[in-house]
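Asker: I have a structure I would like to understand better, so I am pasting it below and will then ask my questions one at a time.
In full-length UniProt numbering, the protein residues as written are 1 to 111.
Listed below in structure tokens is the structure:
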């Protein structure tokens, strides 16, 4: 599947949309409400929501989150997450942007 053809969906007014809008592949488990695996893509996109903290917010997931970067930059890390890199967040472990990204995004005027 050519992921460059994936249609990017996002917020045009306010707030950071739920990442599930970028879901490409979903596999259910035998436990209701718990996914076996979700495959999500974050393609190049315009982030135009006003009065909004634009990087991914601090959150926890019911499922483990494994993330890889193919090319470009990751919205939540100012440095150190290079193409070819990967990260893993275990089930229910809190994670979000690094301090530099948080400070920069908190100070930017998005109005």
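Even for Gly, the Cβ is constructed at its ideal location relative to N, Cα and C.
Since we're looking at a predicted model, the values are computed, not measured.
(1) Assign residue 8 to buried or exposed, taking buried as 16 or more other Cβ atoms, counted over all protein chains shown, within 10 Å of its Cβ.
(2) Ignoring anything shorter than 4 residues or poking outside the UniProt domain "Homogentisate 1,2-dioxygenase C-terminal" (4-109), list the alpha helix (DSSP H) runs there in chain order.
(3) Near residue 70, what residues of its chain come up, given a Cβ to Cβ distance below 7 Å and the 5 sequence neighbours on each side ignored?
(4) Taking C-alpha atoms, which residue in 58, 51 and 19 lies nearest to residue 38?
(5) Verify whether the separation of the beta carbon atoms of residue 105 and residue 56 is less than 8 Å.
(6) Give me the residue from 6, 34, 3 and 27 with the minimum Cα distance to residue 91.
(7) Between the Cα of residue 60 and those of 86, 68 and 96, spot the shortest distance and give me the residue it belongs to.
Answerer: By the coordinates alone:
(1) exposed
(2) 99-107
(3) 83
(4) 19
(5) no
(6) 34
(7) 96
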